[in-house]
Structures are given as C-alpha cells and as structure tokens.
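Undergrad: Terminal number for the sequence shown in our numbering: 1018, no gaps in between.
Even for Gly, the Cβ is constructed at its ideal location relative to N, Cα and C.
Keep in mind it's a predicted model, so treat the numbers as computed, not measured.
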Amino acid sequence: MKFLMLRINKVNNETLKIYLLFLFWFYISLAGAQTVTGTITNGTTSEPIEDALVIAKNGDEVVSYTYTDINGYYNLKVNNFAEITLTASSLGFASKNLKIRFIESQVNHVSDFQLNEKTETLTTVVLKADEKIKINRDTISFRISAFKDASERTVEDMLKKLPGIEVDDDGNIRALGKPIQKILIEGDDLADSNYKVISKNLDITVLDKIEIINNYDENPVLKQFLSSENIVLNLKLKKDKKSVLFGKAEIGGGIENRFLGDVNLGVINPLVKLLNLANTNNTGSPADRQFGVYTYSPIGFNDFTKDFSINQNPIVFLSGSTNELNTENYIENTSFSNNLLINKRFSDSIKLRNSLYYYNDSFEQYYKSEYQYFVEPKDIFFKEQNSFNQQKFNLSNDLKITFTPTKDRNITVANTLTFLNGTSKNSLLFNEENIQETLQNKTREQETQIQLTQKIKSGAVVIDFYVGSKKLDQIFQILPNTFIADSVNQNTLSYSDYNTILDYQGLDASLVFKNNKTSYSFTGGFQHINETIKTKSYLGFQNQNEKIDSLSGRNTARSLIPHLQFKIEEELYQDVLLYANLDAIWNSYNKNNFSNNFFLPNPSAGLRIRKTKTGTYHFKYSYISEIPRLNYLTDNFMIKSYRNLSLGISKPEALKSHSYTFNYTFSKVEKRILFNVSATHRKFLNQVSFKNSLGQNTDITQSIFSPGQKLWLFQASFTSYIDPINTSVKIGYQKQFSEQAVIINNKNTKLKNNTSQYYLSGTTYLKGVVNFKFLANYTVNAGENGRNTIRNERYKFELKTIFNINKVFIATLESKGYLVSSQFYETNNAEIEFRPKGKNWTLGLKIINIFNDKEYIFENSSDYVQTATVFEAVPRYGILYGRFRF
133 MKFLMLRINK
143 VNNETLKIYL
153 LFLFWFYISL
163 AGAQTVTGTI
173 TNGTTSEPIE
183 DALVIAKNGD
193 EVVSYTYTDI
203 NGYYNLKVNN
213 FAEITLTASS
223 LGFASKNLKI
233 RFIESQVNHV
243 SDFQLNEKTE
253 TLTTVVLKAD
263 EKIKINRDTI
273 SFRISAFKDA
283 SERTVEDMLK
293 KLPGIEVDDD
303 GNIRALGKPI
313 QKILIEGDDL
323 ADSNYKVISK
333 NLDITVLDKI
343 EIINNYDENP
353 VLKQFLSSEN
363 IVLNLKLKKD
373 KKSVLFGKAE
383 IGGGIENRFL
393 GDVNLGVINP
403 LVKLLNLANT
413 NNTGSPADRQ
423 FGVYTYSPIG
433 FNDFTKDFSI
443 NQNPIVFLSG
453 STNELNTENY
463 IENTSFSNNL
473 LINKRFSDSI
483 KLRNSLYYYN
493 DSFEQYYKSE
503 YQYFVEPKDI
513 FFKEQNSFNQ
523 QKFNLSNDLK
533 ITFTPTKDRN
543 ITVANTLTFL
553 NGTSKNSLLF
563 NEENIQETLQ
573 NKTREQETQI
583 QLTQKIKSGA
593 VVIDFYVGSK
603 KLDQIFQILP
613 NTFIADSVNQ
623 NTLSYSDYNT
633 ILDYQGLDAS
643 LVFKNNKTSY
653 SFTGGFQHIN
663 ETIKTKSYLG
673 FQNQNEKIDS
683 LSGRNTARSL
693 IPHLQFKIEE
703 ELYQDVLLYA
713 NLDAIWNSYN
723 KNNFSNNFFL
733 PNPSAGLRIR
743 KTKTGTYHFK
753 YSYISEIPRL
763 NYLTDNFMIK
773 SYRNLSLGIS
783 KPEALKSHSY
793 TFNYTFSKVE
803 KRILFNVSAT
813 HRKFLNQVSF
823 KNSLGQNTDI
833 TQSIFSPGQK
843 LWLFQASFTS
853 YIDPINTSVK
863 IGYQKQFSEQ
873 AVIINNKNTK
883 LKNNTSQYYL
893 SGTTYLKGVV
903 NFKFLANYTV
913 NAGENGRNTI
923 RNERYKFELK
933 TIFNINKVFI
943 ATLESKGYLV
953 SSQFYETNNA
963 EIEFRPKGKN
973 WTLGLKIINI
983 FNDKEYIFEN
993 SSDYVQTATV
1003 FEAVPRYGIL
1013 YGRFRF
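(1) Can you tell me whether DSSP reads Ile336 as helix, strand or coil?
(2) Can the beta-carbon of Ile717 be found less than 9 Å from the beta-carbon of Ser757?
(3) With DSSP as the reference, please indicate the residues paired to Glu871 in a beta bridge.
(4) Looking at the secondary structure, which residues open and close the alpha helix (DSSP H) in which Ser331 lies?
(5) Measuring only the C-alpha atoms, how far is Ala184 from Asn924?
(6) At what residues does the alpha helix (DSSP H) containing Leu291 begin and finish?
(7) From the DSSP output, read off the bridge partner residues of Arg390.
(8) Among the residues of its own chain, which have a CB less than 6 Å from the CB of Gly204, if the five just before and after it don't count?
(9) Just to confirm the assignment, what range does the beta strand (DSSP E) spanning Pro1037 have?
(10) Within 10 angstroms of the Cβ of Tyr598, are there 16 or more other Cβ atoms? Answer buried if so, exposed if not.
(11) Taking its Cβ as the centre, do 16 or more other Cβ atoms sit within 10 Å of His790, making it buried, or is it exposed?
(12) What are the start and end residues of the beta strand (DSSP E) that includes Ile172?
(13) Who are the Cβ neighbours of Phe807 in its own chain at under 6 Å, not counting the five residues just before and after it?
(14) Going by the CB atoms, is the gap between Val1006 and Glu464 shorter than 9 Å?
(15) By the three-class DSSP mapping on this structure, what secondary structure does Ser682 have?
(16) Gln841 and Gln868: beta carbons closer than 9 Å?
(17) Could you pull out every residue in the same chain whose Cβ sits closer than 6 Å to the Cβ of Glu298, ignoring the five residues on either side in sequence?
(18) Can you give the beta carbon distance from Ser556 to Ser451, rounded, assuming they're within the 8 Å contact cut?
(19) Run through the DSSP bridge pairs and tell me what Gly949 is partnered with.
(20) List the DSSP bridge partners of Tyr705.
(21) Quick check on Phe154: does DSSP put it in helix, strand or coil?
(22) Just to confirm before moving on: does the CB-CB distance between Lys603 and Glu569 stay below 9 Å?
(23) Thinking C-alpha only, which one of Lys969, Lys884, Leu977, Phe514 is nearest Thr944?
(24) So the candidates are Glu701, Lys882, Pro694, Phe698; which of them puts its Cα closest to the Cα of Thr729?
(25) What does a CB cutoff of less than 6 Å around Ala1000 pick up in its chain, not counting 5 residues either side in sequence?
(26) Note down the Cα distance separating Leu584 from Ser481, rounded to an integer number of angstroms.
(27) Tell me, please, which residues DSSP counts as bridged to Asp439.
(28) Cβ atoms of Asn877 and Thr614: under 9 Å apart, would you say?
(29) Please classify Pro733 as buried or exposed, where buried requires at least 16 neighbouring CB atoms within 10 angstroms.
(30) Could you spell out the range, first to last residue, of the beta strand (DSSP E) harbouring Gly976?
(31) Buried or exposed, going by whether 16 or more other CB atoms sit within 10 Å of the CB of Pro295?
(32) Locate the beta strand (DSSP E) running through Ile805, then write down its first and last residues.
(33) For Val168, count neighbouring C-beta atoms within 10 Å of its own C-beta (all shown protein chains included) and say buried if the count is 16 or more, exposed if not.
(34) Report back the beta-carbon spacing between Arg541 and Lys587 to the nearest angstrom; my notes put them in contact at under 8 Å.
(35) Which one of Phe1018, Arg1017, Phe1003 has the shortest CA to CA distance from Ser519?
(36) On a CA-only basis, which of Leu552, Ile934, Pro418, Asn909 is nearest Lys899? Give me that one, please.
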C-alpha cells in the first residue's frame, strides 16, 4: 500500500509538472500574441465601410482574418511575428496592402485604411436612403429584415419581395429591368449562370443583406479601362454565419407515404466558400426545375466574357403537359438532388470554382385533351387521354480556374461535363385506341474554354480558344405502329434510333482599345462545326425487325466559319453612348451532297442614354443572317410522335431578318419605384416555316422556306410603394403578335396570333398580424387562319394570406382561382408553423388541395388549333415536418 501511494504521488508530481509547463507556455503564447486594430473608411466620403475583409499574411500564408463592424472597426489577433502584411478589401473598392513591422515587445498596433472606389464604378453618385435600402455608387443594398413577412423560405422567395427585382415563372431573375449574370455570395461566384440552384435552395435566414451590383466585370484586366453593363446579385451573410459551419436540416412525413427532406450546409470565409444544398421529396417539387436552360448574353461594348457553347437539339420531345398551377397540385413525383458548390482561393493569383450537380427525378401526371384543327376541307377533332411518366438522371460538373499572375494578365480555364439519362413513357388513349410511346434519352457533353487577357498600351488582347463535343442518343418506340393501316390488329411496333453528334472548335482573338471617350476593338477568328444526325427506323413483327428505308438515313453538315468584326463605342456626351458593330462571317457549308459558300453580314448599331434624371434609354437595330441548324435540313422523314412525321429542307439558304428593339427603365429604388418598357419588332425576309398535311390520324410536316414572317413584342410595367397603406403594387401589360405564312392541306395560309395580358400584383408590409400577396390577371388569345378567328379569355386570381402571431405561430393560406370559358375552379393550400422564441427549431404542417378538388381545366387557342386540357388533381394530403437551423 505504501509503495502504491508513492507511485501515485510520483505520477501526480509528474502530471503537475506537465500541467504547469503547459500553463507556462500558454501564458507565454498569450503574452506573445499581437493585436492589430483600426478602421476602414471610404476614401472619397470618409464613411465607414461595413463588412470589409481584413486579412493578415506572413509571406503567402494567411495567419488571421476578420470583418469590420457597422462602424468600419476591426480587431485582428495574430501570433508573434516580426512582420505581417495586411490586406483590406471590400466589393466595389480597390484593395489596399500595408506592411507592419513589430518592434520588440510591441503587442498592439493601430492601422487605418482608406479604400478608393474602383474606376469602373465611378458612373453614379452617392445617394442617401432610409435604413431599409442603401445606395452607394453602383451598389444597392437591401436589409432583409425590413422586407420579411416570415413566409419566406428561400432566396427566391425574398427576391420576389424586393423593389427593382423580378423573378419569372421559370426562376429567371431581372434586376432594374435587366437580366442578372449570376448570384455571388460574399463577393465570390459559386454557380455561374446556374444561379437557380442557389436562389431556389439556399435558406433565407442565413442572409443579412441582398445587393444589386451594377457595372460588374470579373475580368481584372478589362475592368481597368472598360465599363460594363453587367448586373449581378450579391448575398451578404449574417456575421454569426461567417467562418463557421452553418445550415439547416428539415425532415417531414405525412399521409399517402409523403416525405420531404432538405439540408443546407455552408462554410464561408476568405479562403474557401462551400455550400452543399440537398433536397428529396415526393410533394410535387421536381428537382430539374432548378436547372432550366439559361444563357446569359453580355450587354454593351464590353461583351468579352462570351459563352461559345452551342446547344444540341433533340429530334423527339416527349414530355407531359404544363399549366399555371403549382406543380404540387397536379404532379406526383419522387426526387432527389444534391448541389456541391465550392470557391477556393489558393493564393492571391489562383482561384478555383467548382459546381457539382446531381439529381434523380421521377414524376407522373394524368390529363385528358381535346383538339380541334380549323383546316380545309373540314375541321379535324380528336381526343387524347394521357398517363405520363418520366424518369431523369443528371450528373454534371462545372469547373473554372482563374490565374492572375499580375494585374495586367488574366487566364481562365473553364470545363463542363454533363451526363444525362432519361426515360419518358406516355400511355394514351387516342380515339378509343390504346397507344404506348416510349422515349429513351442518353446525353454526353463536354465543353472547354480557355481565355487569355493581356494588358497592352491603351488596351488589351483577349484570346479565346474553345472546344465542345456533344452526343445525344434517342430510342423512340410506338406500340402499335400507328402509321400502317390495320397495325393495331397486327400488333406491330415502330422503333426509331436517333444518334446526334455535335463537335465544334474555335479560336477568337480581339484587340481592345480605349482612347479618351472612344472604345473600339478588332476581332478575328474561325469556328469549325461538324454535326451528324443518323436515323434508323424499324417495323417490328413479333421477334423480327424490318428496316424502313424512307425513315432511315444519315445527315451530316460541316461548316468552316472565319469571321472579322469591328466594334466601336463613342461617348458623345456624359452617359450618351453611340455604338456600332460590323461583323462579317463567311460560311463554307457542306451538307450531304450539297455545298456552298455563304456570306453572312451581321451589322448592328444603337444608342444608349443611361442614368439620366428621366431614366435609361436604349435603341438598337440589327441585321441578322444565319444558316438553319441541321435538324431543319434532314433528307429523310423522322417519326416525332404517334401521329407526326417530319421532313427537312434539302437545300439550305441563309435566313435574313431585321430586328428593332427599344428599352426604357426608370428606377428610384430608394422610393421603391420601377418603370420599365420594352418593345421588339423582328421582320423576317425569309424564315423556316412548314407545310402540313393534316388528317384525322396523321400529321405530316415538311419544313419550307417562306417570306414575310413578322413578330412584335411589347411589355410595360410600373412598380410603386403606396406609403399610407404600406403596400407595394405592380401593374403591367404585355402584348405579342406574330404573322407567318404556311401551307396547310395544300392551301397557302397566313397565320396570325395575338396575345394580350393585363395584370395587377402587390405585397403588403403591415405591422399587424396579417399580410397579403395578391395577383389579378386577364389574358386574351386571338388567332386567325384566313377562315376562322379563334378567341380565348382567361381570368386568374391569387391571394396569399400570411398570419404572424407574436412571431411564434406563422400561418399561410394560398388560394388561386381561374375563370375559363365561364367555368371557375380553384386550388387551396395551407401551412402553419410553430417557431418558439429563442430556439433554433421549427415544427410545421402543410396541407395540399384543402377541398380535395378532382380536376383542373385549361383552354388554349392559337391560329388554327384550339385545345382543352383537363388535369387530374393530386388528392388532398397533409405533411408534418421539423426544421433545425444551426
């Protein structure tokens, strides 16, 4: 026992020594810690800059960082170094570096910074605004808490409530009347033009502010001397979400085996920004809606961030029918998606952005349609009853590496890979005949673009090299074969195998200059395109297939396209810009046994008057000439549906048209006023049209060239805030008119379509228990075909009522009503949440189709077709969920 006690005392003594030694070194390290404090202000106005980033480096190693508070103050702790470099930066300001040498025993150091606004942002003046909206030069900042009514879940929900921002039904975003280029998070890009994965998934509660940034240019060389017309959104996080793991987890279940799960994970700091956005559900929210096709086109003279991607056109489209309802009311789905977004800064000169997208979708819908074609010699009428099912698998990766060795050189390498598999099935009843359509899609795409920008005297050199390869395989089956008489009795199968291959390569080089108020560029380059469509169609009899020669063939088009371009922009007066673009293209074109050399001039000119007291004006004229794509030029018939065969044009010709556009925007965001007008007229000298042979059971279509097509588009909207009733109101009008010459059943016909839409929408910002979002819409369609005039009217009403009881109980009732051809129907969904104060969890209940409606009816009219579609409603169900935020 005595020996044991001696051993314990010895161990305790040794432990005590280690513990004391640890405390000694701990206090020594604390004593050696150094603190750097100071303020960061605007060098022009001396106003403090909030959320500016301060980074401390020892050589190339980042040793510490912090952000400034509302007064521009920062407090930075670093280890014991003889010398460090401080870098202060903020979006819209030029960064500034400062070396600090610590003298022996110095612990505290004070360093203040004055940051100068970047040269590309010196085009506006500083405005004062209330606490909800702040305007500083080219940045408009919205404090989110001032616009929330507690019903918002995602960034998109919030954007719909901010003045000057519009979100359409597909999730595309416009700010101050212009489409945005991308969404940034704390000044960095994570998703490029695929910004909907952020706007539709990111939880709004992690954000403090949303900014609209004008004159955005991510090329550090060009923005030294060129202005930009690009516009982006920037999301600012709450301070407690910076530099820590944050996110949310939501899980729910309900009757009819309903489920949902949603996870956000994020880490945002100066060196790495990471978001993982995952979702799974069978509550009518398909995953592919966040990946809609969106291509951003740069605006103005500075369009050198071009996307040279060429889209591949499928031969067969087999998809369900859509309408204006929420998808949760008429679509049954099972979906899973995961989006991993990373922006990593390896050093001051190397930065990487990578976006990995994955989704797996399966959805069903049921609907009945009645079609009436107003054609000679007599009208055609038929019915369909559809049971549609679709499955999709998508895996894609978007990588971009930026290398900026000096301020005068920038290199970017971008690569995109896409894998997409899908199967669509439509079991339909056509005039009492059962027909099964099945389409299998397999897509493989790879695109790479490398850009070098080098500063030279009075300008820069921009060189782009790009290459792309896309392959689409489609297998389309119809059982029974509806194109052969008595095929139903024979139980035959039509089987078509379509292989589409698109390869392209190109090189563009531009010399860009600016001399006082004149900007101009010379561009030369070439592009090589090789496109192939191979078709094999078979007629299946039991266990053997018979090839159909008239529905099989190989179509190949090759183009070698050199081009020369000269652009010039002259600032006649302050913010009055006159520009011209002379683009000459030569296309050495070969298709099957046809070859020709086409000269394709594409000049344009315009006038921009921007940021005046009365608004911004833009006038533009363009002459457009192009060669149609190969899918319009096939030499063999192709099966497009159970009743449609399609044939292309044998000899291509250049399509030519005149385009006239006008845009006007007046915005006073601090007063929440936005007035926008746009008008477009396009007159086609010739265009691809069609020749139809319509029968009761078949639709045979041949593409043709026809003259005289016209297109008019006009829209006007006015948004204002009515202070006495704390309500934001938007009124608008849209009109579309088109005219096209076609041949239907051997009769030359001029088709006319005229659509007008009037709408009123609004959002209340009341301080009481109840708030509202409302919409009233009236749409009228009119079509003419030389023999009949078809007219269709539709009224639409929406009301969303939000009850907020002590910020603890949040209830939402959403009702939509439609009046179509004197028939009224509606959808009603409800949701209630319990959010206990001081807690980071929420419980909720959501009910879909409260009154258990059975169906919804929509009618559409065009020039010679009238359609009535009855959608089967998703039966009423409820789902209980819980949400945890951290």
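TA: Quick answer:
(1) The residue labelled residue 336 in the question sits at position 204 within the sequence shown. If DSSP states are grouped into helix, strand and coil, Ile336 belongs with the helices.
(2) Position 585 of the sequence shown, counted from the start, is the residue given in the question as residue 717. Position 625 of the sequence shown, counted from the start, is the residue given in the question as residue 757. The answer is yes: Cβ separation under 9 Å.
(3) Taking the sequence shown and counting its residues from 1, the one referred to as residue 871 is at position 739. Beta-bridge pairing links Glu871 to Lys842, Lys884.
(4) Residue mapping note: residue 331 aligns to position 199 of the sequence shown, counting from 1. Its alpha helix (DSSP H) spans residues 328–331.
(5) By one-based count along the sequence shown, residue 184 stands at place 52. By one-based count along the sequence shown, residue 924 stands at place 792. Approximately 56 Å, taken between the alpha carbons.
(6) For this step, residue 291 is matched to residue 159 along the sequence shown. Looking at the DSSP string, the run of the alpha helix (DSSP H) that includes Leu291 is 287–291.
(7) Residue mapping note: residue 390 aligns to position 258 of the sequence shown, counting from 1. Gly386.
(8) Here residue 204 corresponds to residue number 72 of the sequence shown, with the count starting at 1. The residues are Thr171, Ile172, Thr173, Pro180, Ile181.
(9) Past the boundaries of the shown model lies residue 1037; the chain is included only from 133 to 1018, so the question cannot be answered.
(10) Numbered from 1 along the sequence shown, position 466 holds the residue referred to as residue 598. Buried is the call here.
(11) In the sequence shown, the residue the question calls residue 790 occupies position 658. Burial call: exposed.
(12) Reading the sequence shown from its first residue, position 40 is the one you call residue 172. Here the beta strand (DSSP E) through Ile172 covers 166–174.
(13) On the sequence shown, position 675 is the one that residue 807 refers to. Result list for Phe807: Phe798, Phe850, in chain order.
(14) For the purposes of this step, residue 464 is taken as the residue at position 332 of the sequence shown. For the purposes of this step, residue 1006 is taken as the residue at position 874 of the sequence shown. Annotated as proximal: Glu464 and Val1006, with beta-carbon spacing under 9 Å.
(15) Mapped onto the sequence shown, residue 682 falls at position 550. Correct three-state label for Ser682: helix.
(16) Position 709 of the sequence shown holds residue 841. Position 736 of the sequence shown holds residue 868. No. Outside cutoff.
(17) The residue given as residue 298 occupies position 166 in the sequence shown. Correct list, in chain order: Arg306.
(18) By one-based count along the sequence shown, residue 556 stands at place 424. By one-based count along the sequence shown, residue 451 stands at place 319. Between Ser451 and Ser556 the Cβ distance is about 7 Å, and since that is below 8 Å, they are a contact.
(19) Position 817 of the sequence shown, counted from the first residue, corresponds to residue 949. DSSP lists Phe929, Glu958 as partners of Gly949.
(20) Residue mapping note: residue 705 aligns to position 573 of the sequence shown, counting from 1. Tyr705 is bridged to Val708.
(21) Stepping through the sequence shown from its first residue, residue 154 is reached at position 22. Residue placement at Phe154 is flagged as unreliable, the pLDDT there being 46, under the threshold of 50; the coordinate-derived value follows with that caveat. DSSP places Phe154 in helix when its eight states are reduced to three.
(22) Residue mapping note: residue 603 aligns to position 471 of the sequence shown, counting from 1. Residue mapping note: residue 569 aligns to position 437 of the sequence shown, counting from 1. Result no, Cβ atoms of Lys603 and Glu569 do not sit closer than 9 Å.
(23) On the sequence shown, position 812 is the one that residue 944 refers to. The candidate whose alpha carbon is nearest that of Thr944 is Leu977.
(24) Locating residue 729 in the sequence shown gives position 597, counting from the first residue. Looking at the sequence shown, residue 729 is not Thr but Asn. The residue with the shortest Cα to Cα distance from Asn729 is Pro694.
(25) Within the sequence shown, numbered from 1, the residue matching residue 1000 stands at position 868. Only Glu502, Glu991 meet the Cβ criterion.
(26) Taking the first residue of the sequence shown as position 1, residue 584 is located at position 452. Taking the first residue of the sequence shown as position 1, residue 481 is located at position 349. Distance between the alpha carbons of Leu584 and Ser481 is about 14 Å.
(27) Residue numbering aside, residue 439 sits at position 307 when the sequence shown is read from its first letter. Partner(s): none; Asp439 has no beta bridge.
(28) Your numbering for residue 614 matches position 482 in the sequence shown. Your numbering for residue 877 matches position 745 in the sequence shown. Going by beta carbons, Thr614 and Asn877 fall outside the 9 Å limit.
(29) Here residue 733 corresponds to residue number 601 of the sequence shown, with the count starting at 1. Sixteen is the threshold: since fewer than 16 other Cβ atoms of the shown chains lie within 10 Å of the Cβ of Pro733, the residue is exposed.
(30) Indexing the sequence shown from 1 puts residue 976 at position 844. Segment 973–980, the beta strand (DSSP E) holding Gly976.
(31) Working through the sequence shown from its first residue, we reach residue 295 at position 163. Buried, since its Cβ has 16 or more Cβ neighbours within 10 Å.
(32) Mapped onto the sequence shown, residue 805 falls at position 673. Unbroken beta strand (DSSP E) run through Ile805: 805–816.
(33) Translated into positions along the sequence shown, residue 168 becomes position 36. Label assigned to Val168: buried.
(34) For the purposes of this step, residue 541 is identified with residue 409 of the sequence shown, where counting begins at 1. For the purposes of this step, residue 587 is identified with residue 455 of the sequence shown, where counting begins at 1. About 7 Å separates the two Cβ atoms, so the contact holds.
(35) What you label residue 519 is simply residue 387 of the sequence shown in a count that begins at 1. Closest by alpha carbon: Phe1003.
(36) For the purposes of this step, residue 899 is identified with residue 767 of the sequence shown, where counting begins at 1. Checking every option, the nearest Cα to that of Lys899 belongs to Ile934.
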